[in-house]
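Participant: Chains as they are written, first to last, in the numbering used here: chain A, 54 to 268; chain B, 54 to 268.
Just so you know, even glycine gets a beta-carbon here, dropped at the ideal spot from N, CA and C.
A single structure is presented below for examination.
This is the structure we're talking about:
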């Protein structure tokens with residue numbers, strides 16, 4: 054499958070490399086065509102890189118790994134025509150570091166970044182997932198033993214099925230994937246990165262995730 | 054110990070009853086002295102009730118079980134003099150239901166309700182905990198098998214120790230209690246009620262909590 058990964062940070066590079074590893078053709082998109090991180094990643098992995106629009110144009114699936122505070126701008130730059138009818142895997146986290154550490158959560162008017170994107174691009178299929186844990190765990194959940202969880206939120210069942218299949222190819226077991234239901238449940242998972250940050254500070258390891266327990 | 058429970062909702066009543074059960078003397082506080090829920094609770098349990106200030110005045114420890122959007126007003130009504138030098142167990146959740154369901158998280162200027170309270174009452178010792186799960190689980194964690202977690206945030210180690218002891222008397226095992234560190238980590242746990250709501254909708258049981266997994 055041809056996949057666009059928008060964003061050149063640690064999360065974008067980690068996901069893009071894993072997508073190549075499991076057999077996809079990946080273009081990394083960034084604000085400019087000459088992003089140094091994207092170029093270095095492409096040289097190392099054999100992937101392609103270009104602008105957000107370059108990456109999205111030929112892609113069958115889009116991964117949004119930009120910062121949640123700029124995701125709407127990034128996808129707007131990618132172009133509504135290039136997103137139409139496609140699944141957007143939204144991995145973004147909306148954090149405000151302007152007043153230092155720890156960051157504050159930004160709650161968009163729509164309730165979550167994922168909902169903002171879906172409202173802006175109603176012909177795409179936004180699925181929120183992966184954002185709640187560390188990038189190394191995202192692509193290698195076996196780093197953490199036990200039945201820890203990964204959440205999915207989205208309004209389109211077929212899109213969620215497609216994303217769940219992708220997640221299984223990353224190593225997530227079917228019973229680790231928790232379908233929370235509609236996309237507005239992303240309101241409840243976008244804040245989870247903050248818990249990861251707190252736990253990282255408290256426990257001193259990056260290999261942290263949460264799991265669901267029921268009575 | 055003499056404990057004030059501020060708030061007459063399900064969470065306040067549940068915690069107040071449990072506090073009596075484990076041997077404390079409890080006064081439930083509300084905005085007015087004649088709150089019907091508080092009076093009914095007091096009649097049923099042998100507890101006392103009164104205004105926020107009535108409850109806080111004689112208490113050695115304060116439990117804030119008001120809605121996070123009104124907690125600052127409630128504690129202001131309780132009176133700074135009545136809070137000075139006391140531990141405030143902040144169980145509040147700041148949710149905005151004005152645009153329907155699911156609610157949106159409210160992020161106060163301070164970063165969290167807990168931090169807002171600590172800033173307003175610097176002579177008290179705010180400890181955030183319990184807010185991340187259902188009220189029945191709060192006082193009976195054994196309803197859910199396994200090593201699920203309860204988080205504590207606070208700037209004063211002695212206050213956190215005192216609250217941890219209280220939580221153990223509720224049935225929480227020492228290794229279920231996760232001290233996240235300073236009170237600003239409440240930014241990462243106040244949103245967790247939203248995840249509980251999503252999971253409740255998706256899974257159809259109220260006995261839900263999360264646990265921490267590490268590599």
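Would you mind telling me which residues of chain B sit closer than 9 Å to residue 233 (chain A), beta carbon to beta carbon, in chain order?
Facilitator: By Cβ distance, chain B contributes 248, 251, 252, 254, 255.
Participant: Apart from the five residues just before and just after residue 178 (chain A), which ones in its own chain have a Cβ nearer than 6 Å to its Cβ?
Facilitator: Contacts found: 140, 209, 212.
Participant: Would you mind giving the Cβ-Cβ distance between residue 267 (chain B) and residue 260 (chain A), rounded to the nearest angstrom? I have them listed as a contact below 8 Å.
Facilitator: At roughly 6 Å, the Cβ-Cβ gap stays under 8 Å, so residue 267 (chain B) and residue 260 (chain A) are in contact.
Participant: Is residue 244 (chain A) close to chain B, meaning its C-beta is less than 8 Å from at least one C-beta of that chain?
Facilitator: With 8 Å as the cut-off, residue 244 (chain A) counts as an interface residue toward chain B.
Participant: Considering Cα atoms alone, identify which of A:112, A:205, A:218, A:265 is closest to residue 233 (chain A).
Facilitator: Considering only alpha carbons, the answer is A:205.
Participant: Quick check for students: name the residue ranges of the alpha helix (DSSP H) that lie wholly in the segment 61-123 of chain B, counting only runs of 4 or more.
Facilitator: Correct list: 63-74, 89-98, 105-110.
Participant: Look up residue 154 (chain A) in the DSSP assignment and give the residues it is bridged to.
Facilitator: Answer is none; residue 154 (chain A) lacks a bridge partner.
Participant: In or out: residue 175 (chain A) buried (at least 16 other Cβ within 10 Å) or exposed?
Facilitator: Residue 175 (chain A) is exposed by the Cβ-count criterion.
Participant: Give a yes or no on contact between the segment 216-226 of chain B and the segment 236-255 of chain B, applying the rule of three or more CB pairs nearer than 8 Å.
Facilitator: No: the two stretches stay apart, fewer than three of their Cβ pairs being nearer than 8 Å.
Participant: Given that a residue counts as buried once 16 or more other Cβ atoms are within 10 Å of its Cβ, and exposed if not, what is residue 81 (chain B)?
Facilitator: Looking at its Cβ environment, which holds 16 or more other Cβ atoms inside 10 Å, residue 81 (chain B) is buried.
Participant: Could you work out which residues of chain A lie near residue 293 (chain B), taking near to mean beta carbons separated by less than 8 Å?
Facilitator: Because chain B in this structure spans residues 54 to 268, residue 293 (chain B) falls outside the shown range and cannot be described.
Participant: Please determine, among A:67, A:73, A:108, the residue with the shortest C-alpha to C-alpha distance to residue 84 (chain A).
Facilitator: Comparing Cα positions, the closest option is A:108.
Participant: Counting contacts by CB-CB distance shorter than 8 Å, is residue 160 (chain B) in contact with chain A?
Facilitator: For residue 160 (chain B), the answer is yes, since a Cβ of chain A falls inside 8 Å of its Cβ.
Participant: Give a yes or no on whether 8 Å exceeds the smallest Cβ distance from residue 155 (chain B) to chain A.
Facilitator: Closer than 8 Å: yes.
Participant: For residue 201 (chain B), return the contacting residues in chain A, with the cut-off set at a CB-CB distance below 7 Å.
Facilitator: Here the neighbours are 266.
Participant: Please work out which residues of its chain come closer than 8 Å, Cβ to Cβ, to residue 67 (chain A), disregarding the five sequence neighbours upstream and downstream, and give them in chain order.
Facilitator: Contacts found: 188, 189, 191, 192.
Participant: What do you reckon, is the C-beta of residue 140 (chain B) under 7 Å from a heavy atom of the ligand NAP?
Facilitator: Looking at this structure, you won't find the ligand NAP or any other ligand, since it has none at all.
Participant: When burial is assigned at 16 or more other CB atoms within 10 Å of the CB, is residue 168 (chain B) buried or exposed?
Facilitator: Buried.
Participant: Can you pull the chain A residues whose beta carbon is under 8 Å from the beta carbon of residue 115 (chain B), in chain order?
Facilitator: Per Cβ cutoff of 8 Å: no residues; residue 115 (chain B) is ~24 Å from chain A at best.
Participant: Within 8 Å of any Cβ in chain A, is that where the Cβ of residue 122 (chain B) sits?
Facilitator: Not closer than 8 Å to any Cβ of chain A, the Cβ of residue 122 (chain B) fails to qualify, so no.
Participant: Anything in the segment 194-228 of chain B with a Cβ closer than 7 Å to a Cβ of chain A? List those residues in chain order, please.
Facilitator: Residues 196, 197, 199, 201.
Participant: Can you tell me the Cα-Cα spacing of residue 118 (chain B) and residue 60 (chain B), whole angstroms?
Facilitator: Distance between the alpha carbons of residue 118 (chain B) and residue 60 (chain B) is about 5 Å.
Participant: Got a sec? Which residues, its chain only, sit under 8 Å from residue 14 (chain A) by beta carbon, not counting five neighbours each side?
Facilitator: Chain A is shown from 54 up to 268; residue 14 (chain A) falls before or after that span and cannot be answered.
Participant: With a CB to CB cut of under 7 Å and the five nearest residues on each side skipped, what residues in its chain are close to residue 133 (chain A)?
Facilitator: Result list for residue 133 (chain A): 174, in chain order.
Participant: By how many angstroms is the C-alpha of residue 227 (chain A) removed from the C-alpha of residue 64 (chain B)?
Facilitator: So the two alpha carbons sit approximately 34 Å from each other.
Participant: Just grab the DSSP bridge partners of residue 141 (chain B) for me.
Facilitator: Paired residue(s): B:115, B:179.
Participant: Taking 8 Å as the CB-CB limit, is residue 260 (chain B) close to chain A?
Facilitator: By this cut-off, residue 260 (chain B) is an interface position.
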